[in-house]
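Protein chains in written order, with the working numbering: chain A, 1 to 355; chain B, 356 to 710. Below you'll find the structure, written out as structure tokens, and then a few comments.
There are 2 protein chains.
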Amino acid sequence: MKATEDPAKRQRRGHGRPTLHEVADAAGVTRITVSRFIREPGKVAPETAARIQAAIQQTGYVPNHQAGQLASGASRIVAALIPNVGHSIFAETIQGLTEGLRDSGRELLLMATGYSLEHEESQLRALLGWAPGALIVTGRQHTPAALRMLRDAQDGGTAVIEIWDHPEDEDSEDGFARIGFDHKAIGRTMARHLLDQGHRALAYVDSGVAEDYRAHERGEGFAAECEARGAKVHALTAGTGDAFDAGRAVLMALGSDAKRPVTAAAFANDHLACGALMQAQSLGISVPGQLALLGFGDFPIGRQLLPALTTMRPPRAGIGQAAAEAVLAAMATGDEPVSRTMPCELIVRASTVPA
Amino acid sequence: MKATEDPAKRQRRGHGRPTLHEVADAAGVTRITVSRFIREPGKVAPETAARIQAAIQQTGYVPNHQAGQLASGASRIVAALIPNVGHSIFAETIQGLTEGLRDSGRELLLMATGYSLEHEESQLRALLGWAPGALIVTGRQHTPAALRMLRDAQDGGTAVIEIWDHPEDEDSEDGFARIGFDHKAIGRTMARHLLDQGHRALAYVDSGVAEDYRAHERGEGFAAECEARGAKVHALTAGTGDAFDAGRAVLMALGSDAKRPVTAAAFANDHLACGALMQAQSLGISVPGQLALLGFGDFPIGRQLLPALTTMRPPRAGIGQAAAEAVLAAMATGDEPVSRTMPCELIVRASTVPA
DNA sequence: TTGAAAGCGCTAACAG
DNA sequence: CTGTTAGCGCTTTCAA
Chain A
1 MKATEDPAKR QRRGHGRPTL HEVADAAGVT RITVSRFIRE PGKVAPETAA RIQAAIQQTG
61 YVPNHQAGQL ASGASRIVAA LIPNVGHSIF AETIQGLTEG LRDSGRELLL MATGYSLEHE
121 ESQLRALLGW APGALIVTGR QHTPAALRML RDAQDGGTAV IEIWDHPEDE DSEDGFARIG
181 FDHKAIGRTM ARHLLDQGHR ALAYVDSGVA EDYRAHERGE GFAAECEARG AKVHALTAGT
241 GDAFDAGRAV LMALGSDAKR PVTAAAFAND HLACGALMQA QSLGISVPGQ LALLGFGDFP
301 IGRQLLPALT TMRPPRAGIG QAAAEAVLAA MATGDEPVSR TMPCELIVRA STVPA
Chain B
356 MKATEDPAKR QRRGHGRPTL HEVADAAGVT RITVSRFIRE PGKVAPETAA RIQAAIQQTG
416 YVPNHQAGQL ASGASRIVAA LIPNVGHSIF AETIQGLTEG LRDSGRELLL MATGYSLEHE
476 ESQLRALLGW APGALIVTGR QHTPAALRML RDAQDGGTAV IEIWDHPEDE DSEDGFARIG
536 FDHKAIGRTM ARHLLDQGHR ALAYVDSGVA EDYRAHERGE GFAAECEARG AKVHALTAGT
596 GDAFDAGRAV LMALGSDAKR PVTAAAFAND HLACGALMQA QSLGISVPGQ LALLGFGDFP
656 IGRQLLPALT TMRPPRAGIG QAAAEAVLAA MATGDEPVSR TMPCELIVRA STVPA
């Protein structure tokens, strides 16, 4: 037994921070009254409230959410699984999420899957341990075990949402709310735009990230539309390093292959397209005269180049905000969150349509 | 008393998920044995382990971290406060953080402050409620209340780290470990590079984000070095919209002001500098002949332009990884985390040095 | 308006 | 190797 029987920190376990009990002592009430004051200040007598308020200030009390959540069973946590937090497209979605959650009294628990379904599964397990009130996952592809966890969570009252993917066909329903758009349909839109300009020999340049199935699906839609209209499509895949460089490399490949007299190319994202555009400029290839270029994502740089890049504008931050709204509503009402289609807009600029 | 005495879900409160107790029943042992199996599988007899493993599978048990942390007092949470999650510079830091934390059994609780110290304070309060084992905040400027919370947390054994700022002078020590670099010194380096090229009339274009004091400090260092070497410095501030556009606008302002015969300009970030560079191209201003341009951040686009942009390369993801390592080490040993200078590298390209 | 009793799900300490 | 006892800090009835 230590001689240091300092009354302020005589706890045996715990983390030594002030608890409700110490605030209550300092205010001359019991713990429950302090607890009430924190949650429903109106239900406490003004004088008591003042004393408690002072005691909180004086002790520097910070409520312990773990204990609170454990006791109440209500969860304040919103957990999100994102492929890559550093990628500008998802970064803005997360920013939208954090903004949408701000001042809602909810906290965001975030993990990056690195586009790996296996990581997603293990991280989902870790996340579920926090008994989140809501779960936001990217896309609709999951391992069987992850799917089961998501279903169990939803059955247990957790709001589950899949973002960045919302196919139009009923066949792909999996019982979870979705916020996003149909990537195949977007691929079709991209093809349609180019076909309407009269192109008959096109290319789709896919992302080098093998697990980015959404980019692949845009390619499928693109190819389907081309074929439906009797045009030729070539499928390429970009490299994985710097996206601008990868785009430049793709353009070289496209140009050096005499068997591919492509007059228009669509890309999995704007960075690839911008790289190709800059390389075309270096090579003196006229855009869109000799080659039309179409991107996806509407990254700021695309607007700055000459010619400016035609692209699809997805609601990057909007998806995050919509997801925040949806889970907040679901957590408030107890209902399941509702799906929402967030449309993607075609931004026509000079890289596909001559001035 | 309800008639529905379904043995599987007869709990009164709680969230209805299976608990240790149900796993234990299914495995024919007591809760503590299951708990042990989960934390230290080696300390359980192989046969028992197998039965427990099966019971976990069968029940779909997920450990409740809130309860675990509450009981053990040990925290698995790493909380981080970042100005803007969507900004590419911080997005990569977060990505570095999540990667550094992966498979460590820690979870990242993330909040964005929007560059506001008031937000930081209130979010810090919310974060502290989770009794995080580590706290990562951006920069060394905090409100007095936030500072007190950080100190209290550190005194209570929480690992606290400030990232993206690590001044060299002792005067600015505040007792927290820091991972980053000295922004004033970087500003000096930037100026030195331009001064060494013979420039005598320079400009520093500051960020339009008023609260980004780190960009301001780079400007201070820049100005100090210029003045020390008897050169003239003009201070400008960029607009707040699209950074490329803001950079373009700055270049127009610079060019149209006859009283400012500036021959070199440094920018708070690469996007501003790239905007200015592209605008110079549009206007036929020769870079670096008539005007040398210097950025900060080493964003990928800077390498692609012609001339390529000279810039400072900060360890964007590296800071996140280093922070992860530092807090993991501190949480493991119980010591305070250690500071680390992450150097920033000058990348000389053609926008300041003619080929 | 305030308090007492009970318990959320888990783990530390000590036995056996 | 396994179990018992006690309790983490808070909130929910229900009662005063």
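Even for Gly, the Cβ is constructed at its ideal location relative to N, Cα and C.
If you measure between the beta carbons of residue i and residue j, is that distance less than 7 angstroms?
i, j, result
"glycine 511 of chain B", "glycine 16 of chain A", "yes"
"isoleucine 516 of chain B", "alanine 532 of chain B", "yes"
"valine 78 of chain A", "valine 327 of chain A", "yes"
"valine 34 of chain A", "glycine 484 of chain B", "no"
"leucine 713 of chain B", "leucine 70 of chain A", "Residue 713 of chain B lies beyond the residue range present for chain B, which begins at 356 and ends at 710; the question has no answer from this structure."
"glycine 542 of chain B", "glycine 488 of chain B", "no"
"glutamate 121 of chain A", "alanine 146 of chain A", "yes"
"alanine 253 of chain A", "aspartate 206 of chain A", "no"
"proline 643 of chain B", "proline 709 of chain B", "yes"
"glutamate 580 of chain B", "tyrosine 470 of chain B", "no"
"glycine 563 of chain B", "glycine 594 of chain B", "yes"
"glycine 139 of chain A", "aspartate 169 of chain A", "no"
"histidine 271 of chain A", "phenylalanine 244 of chain A", "yes"
"isoleucine 136 of chain A", "alanine 323 of chain A", "yes"
"valine 378 of chain B", "alanine 410 of chain B", "yes"
Distance cutoff 7 angstroms, beta carbons only. Does residue i sit that close to anything in chain A?
i, result
"phenylalanine 651 of chain B", "no"
"isoleucine 449 of chain B", "yes"
"serine 641 of chain B", "no"
"leucine 425 of chain B", "yes"
"glutamine 413 of chain B", "no"
"aspartate 690 of chain B", "no"
For residue i, which beta-bridge partners are listed by DSSP?
i, result
"glycine 652 of chain B", "Bridge partners of glycine 652 of chain B: none, in fact."
"histidine 589 of chain B", "B:Ala558"
"glutamate 517 of chain B", "B:Val492, B:Arg533"
"glutamate 447 of chain B", "For glutamate 447 of chain B, which the question treats as bridged, DSSP gives no partner whatsoever."
"glutamate 462 of chain B", "B:Ile432"
"arginine 668 of chain B", "B:Glu700"
"arginine 695 of chain B", "B:Ile534"
"alanine 360 of chain A", "It is not possible to answer for residue 360 of chain A, since the shown part of chain A is limited to 1 through 355."
"isoleucine 437 of chain B", "B:Ala467"
Which bits of chain A does residue i rub up against, with CB to CB less than 9 angstroms?
i, result
"valine 433 of chain B", "Those within 9 angstroms of valine 433 of chain B in chain A number zero; the least Cβ separation is about 11 angstroms."
Would you say residue i faces chain B, with C-beta separation under 7 angstroms as the test?
i, result
"proline 7 of chain A", "Caution is warranted here: a pLDDT of 35 is assigned to proline 7 of chain A, below 50, making its placement in the model unreliable, and no coordinate value can be reported."
"arginine 349 of chain A", "no"
"leucine 135 of chain A", "no"
"methionine 278 of chain A", "yes"
"lysine 2 of chain A", "Caution applies to lysine 2 of chain A, whose pLDDT of 31 falls short of 50 and renders its modelled position unreliable; the value that the coordinates give is listed next. No, lysine 2 of chain A lies away from the interface with chain B (no Cβ there is under 7 angstroms from its Cβ)."
"proline 354 of chain A", "no"
"serine 88 of chain A", "yes"
"arginine 10 of chain A", "Bear in mind that a pLDDT of 32 at arginine 10 of chain A, under 50, signals an unreliable position, so the number given afterwards is only what the model happens to contain. No, arginine 10 of chain A lies away from the interface with chain B (no Cβ there is under 7 angstroms from its Cβ)."
"glutamine 321 of chain A", "no"
"glutamine 304 of chain A", "yes"
Going along chain B in order, which residues have a C-beta closer than 7 angstroms to the C-beta of residue i?
i, result
"glycine 129 of chain A", "Val417, Pro418, Asn419, His420"
"valine 85 of chain A", "Ala446, Ile449, Gln450, Thr453"
What does residue i touch in chain B if you count any residue whose Cβ is under 8 angstroms from its own?
i, result
"glutamine 53 of chain A", "Those within 8 angstroms of glutamine 53 of chain A in chain B number zero; the least Cβ separation is about 15 angstroms."
"alanine 249 of chain A", "Those within 8 angstroms of alanine 249 of chain A in chain B number zero; the least Cβ separation is about 13 angstroms."
"proline 300 of chain A", "Asp597, Ala598, Phe599, His626"
Taking Cβ-Cβ distances shorter than 7 angstroms, what residues in chain A pair up with residue i?
i, result
"alanine 481 of chain B", "Glu107"
Using a beta-carbon distance cut-off of less than 8 angstroms, what residues from the stretch 505 to 528 of chain B approach chain A? Asp507, Gly511, Gly512
Can you list, in chain order, the residues of the stretch 453 to 471 of chain B whose Cβ is nearer than 7 angstroms to any Cβ on chain A? Thr453, Glu462, Leu463, Leu464, Leu465, Met466, Ala467
Residues of the stretch 583 to 601 of chain B in Cβ contact with chain A at a cutoff of 9 angstroms, in chain order, please. Asp597, Ala598, Phe599, Asp600
Using a Cβ cut-off of 8 angstroms, which residues of the stretch 558 to 584 of chain B contact any Cβ in chain A, in chain order? none
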